[in-house]
Structures are given as structure tokens and as C-alpha cells.
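Each remark here refers to the structure printed beneath this line.
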Amino acid sequence: MSTILVFVEQNSGSCRRAALECLGAAAALGGDVVAVLTGPGATDAAAQAQGAGRAIVLSGAEPYSPDATASCLAAIAGDLGAQVFLCAATATGNDLAPRVAAHLDSVLFSDCTDLAAEGDSYQATRPWLAGKAIAHCTSSGPVFCATTRVNCFSPCETAGASEISERAASTDGKARVTSLAPKEGTALDVSEAPVVISGGRGMKDPESFAILEELAKAFGEAAVGASRAVVDAGWRPHGDQVGQTGKVVSPELYIAVGISGAIQHVAGMKTSGTIVAINKDADAPIFKLADFGIVGDAFEVIPALTAAVSALKAQG
479 MSTILVFVEQ NSGSCRRAAL ECLGAAAALG GDVVAVLTGP GATDAAAQAQ
529 GAGRAIVLSG AEPYSPDATA SCLAAIAGDL GAQVFLCAAT ATGNDLAPRV
579 AAHLDSVLFS DCTDLAAEGD SYQATRPWLA GKAIAHCTSS GPVFCATTRV
629 NCFSPCETAG ASEISERAAS TDGKARVTSL APKEGTALDV SEAPVVISGG
679 RGMKDPESFA ILEELAKAFG EAAVGASRAV VDAGWRPHGD QVGQTGKVVS
729 PELYIAVGIS GAIQHVAGMK TSGTIVAINK DADAPIFKLA DFGIVGDAFE
779 VIPALTAAVS ALKAQG
């Protein structure tokens with residue numbers, strides 16, 4: 479039976495949704511799924527690692543260091559004889575996975591939308607050429623390494639890891655974390671939210687994003703994103719940017735407000751479940767991609783949409 483090693487991100491004792499999806503992808507491949515967790519609350523989170531039969535908690539790993547964690551993951555993969563290493567394509571995963579693959583002398587397939595086992599080999603499906611094509615990849619390396627796109631896989635409905643052990647974290651690493659500052663606010667990350675409402679230059683100014691925030695609150699589990707032009711103008715932080723040079727998202731619902739539909743933006747959201755475009759320009763390219771389009775003034779449409787969503791929520 480093959481061994482599949484999965485790095486599971488957690489926060490204060492709760493597994494991140496993206497990590498649970500990655501575990502779901504691992505379980506679908508078959509084999510012995512082993513989760514590795516680190517940070518405060520990792521032991522509690524390990525019990526929630528649905529899809530993993532075993533979990534390893536890295537003790538003494540605070541503060542988190544990608545270099546040291548990658549070294550430790552590679553060592554665990556070697557000790558277990560793992561054939562596969564997976565982690566979610568989050569900011570942390572995209573930073574960590576290439577380091578692990580380098581340690582294992584393996585190729586990394588990033589941002590995969592599907593994984594499959596074919597005999598003794600594995601296949602990854604991933605967007606290519608900014609989403610214009612789909613690549614089907616196989617690896618001849620010693621370990622198949624991949625990151626899974628957020629919102630493309632389903633978490634398992636099984637119990638968490640039944641066997642939890644500890645392992646001393648590696649102290650190796652060229653970089654050393656000297657301090658950590660908590661991020662202000664508790665808003666959902668655009669890469670994990672089931673609903674994303676993104677604004678472009680059509681929002682006119684940074685203050686106008688308040689109406690998008692109100693719509694996000696009406697939906698509940700929703701996040702506000704932004705186009706590159708908005709981020710470059712300093713209206714929103716880079717963490718909100720959706721696109722080829724920002725974050726790739728695949729929410730159940732994506733609402734593009736005042737966004738024309740530049741190629742680099744489309745590359746970051748085209749795999750969304752349902753796409754709604756709101757723009758004053760009826761010829762905006764975004765309408766060619768949208769499932770539903772509204773030609774109108776966002777400052778009239780969004781408040782009306784917020785009221786409608788709130789009314790539906792009130793009805794239960």
C-alpha cells in the first residue's frame with residue numbers, strides 16, 4: 479500500500495478548509511494517508527484531520543519556519559517511504575511545497591485541479607498557459623509532489639486521525655523567524671471563501687468598497703477581492719488580489735463588480751462555479767465568461783442585491 483504524506487495547515491486547533499480538501503484528494507488516491515501538522519493547537523487539529531489514518535505533530539516548531547519544516551517533511555517522507563507528498567495551494571503551501579520537492583529531488587505539480595492514481599504512477603491535472611489549456615502530467619521522480627487548488631476537492635466525511643504521534647521539529651534552515659504579528663481583522667481569505675465579491679476600477683475609489691463589504695456580510699461566508707488595477711492603486715491590500723499575479727480562486731459563486739475582464743484576472747477566477755458580472759459597459763470582456771450578467775451601475779445594483787440577499791436570509 480502506498481504512503482501519502484500531507485502537510486495540513488491549522489489555526490489554533492482547527493484544520494483549514496483548504497487542508498481538509500487536500501486530505502480528501504489524498505484519500506481518493508487510496509493508500510495510507512499520513513497528516514503532518516505544526517504550530518499551537520496541532521494536536522487538537524490532528525484529531526480533525528478527516529481522511530488521515532495517522533498524524534504526526536511536529537513539536538517545538540514555533541515560530542513556523544518554511545526551511546525547517548520542509549527539511550522535516552522530507553525526512554519524514556524518507557522514513558516512511560512515502561510515494562506522494564501533497565499540500566494545499568495556499569500562500570503557505572505555495573511557499574513550502576517547492577522546498578520539500580527540492581529536498582526530495584522531485585518535480586512539483588502546482589495548483590492541481592485533479593489527481594489520479596494509475597497503477598504505480600500518479601497523474602496531475604492543472605491549468606496551463608494562464609488557464610488557456612489543461613495539462614495532464616505524470617512524474618518519474620522518486621516522490622510525486624503536488625499542491626491542490628482550493629475549492630476543487632471535497633473533504634472526507636470520515637473521522638480524523640486515530641493515531642497521533644509527535645516528532646521533534648527540525649532546527650535546520652537558512653532563514654530564522656524573529657517575530658510574528660497577527661493580521662488585523664477576521665475576514666475570510668479570498669482563496670477559501672465559498673463566495674467571492676471582487677471589485678475593479680469601476681468602484682471609483684477605495685471607500686466605495688464598503689458596499690461590497692456589506693454584500694459580503696449579507697451572504698455570510700463571503701470575502702471581498704480586487705483586481706490588479708485596484709491593488710496597484712493602493713485601494714486594497716495585495717492579499718485581496720485575484721488573478722494570475724494574485725490569488726487563484728474557485729468559489730461556488732464569484733461576483734465581478736466593475737471589472738472589465740483582463741486576461742490575467744480571468745486566469746485567477748475562471749474555474750469558479752457560477753460567475754456573475756456587473757458592469758456599466760455592455761461590451762466588457764467579462765460578460766463572455768459570466769454565467770449571468772447585469773449591465774448597470776454598481777452603486778445601484780449592489781445595494782439592491784444586498785437587500786435581496788438579506789431578505790432571503792431572513793426567510794430562512
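Just so you know, the numbering used here puts 762 at position 284 of the sequence shown, and the rest follows in order with no gaps.
Cβ coordinates follow ideal geometry from the N, Cα and C atoms, glycine included.
Minimum Cα-Cα distance from A566 among the listed residues V628, G491 and V754 corresponds to V628. Sorting G703, D598, F631 and K610 by C-alpha distance to the C-alpha of T616 places D598 at the top.
For A696, the enclosing alpha helix (DSSP H) begins and ends at A688 to F697. Rounded to the nearest angstrom, the Cβ distance from V720 to G746 is 5 Å, consistent with a contact under 8 Å. In the DSSP assignment, P605 falls within the beta strand (DSSP E) that extends over S599 to W606. For secondary structure counted as the beta strand (DSSP E) over 3 or more consecutive residues, the stretch 491-546 holds these complete runs in sequence order: 510-516 and 532-537. Of A527, F587 and L483, the smallest CA-CA separation from I554 is found for L483. Under DSSP, I642 shares a beta bridge with A533.
Residues of the same chain with a CB within less than 6 Å of the CB of C630, apart from the 5 flanking positions on each side, are T591 and S728 in chain order. Within the same chain, V673 and T752 come within 6 Å of L731 by CB-CB distance, once the 5 residues on both sides are set aside.
Separation of G619 and E670 (C-alpha to C-alpha, rounded to the nearest whole angstrom) is 30 Å. Around W606, the same chain offers A613 as residues with beta carbons nearer than 6 Å, after the five sequence neighbours per side are excluded.
Every unbroken stretch of the alpha helix (DSSP H) spanning 4 or more residues and falling wholly within the stretch 691-752 is given here in chain order: 706-710 and 741-744. Three or more Cβ pairs drawn from the stretch 630-641 and the stretch 502-521 lie within less than 8 Å of each other, which places the two stretches in contact. Residue pairing by DSSP places T626 opposite A566 and C590 in a beta bridge. Separation of the CB atoms of A608 and S588 is rounded to 14 Å, and the pair is thereby denied contact status at 8 Å. In the DSSP assignment, Q488 is bridged to C493. Pairing I733 with V754 gives a Cβ-Cβ distance under 9 Å.
Taken atom to atom, the span from the alpha-carbon of H743 to that of S643 is near 43 Å. Assigned with DSSP and collapsed to three states, E670 falls in coil, not helix or strand. In the DSSP assignment, V773 falls outside any alpha helix (DSSP H) and lies within the beta strand (DSSP E) extending over F770 to V773. Shown here, G559 sits in coil according to DSSP, grouped into three states, outside any helix or strand. Assigned with DSSP and collapsed to three states, A611 falls in strand.
Spanning the alpha carbons of A696 and L666 requires a straight line of approximately 14 Å. Less than 9 Å separates the beta-carbon of V668 from that of V702.
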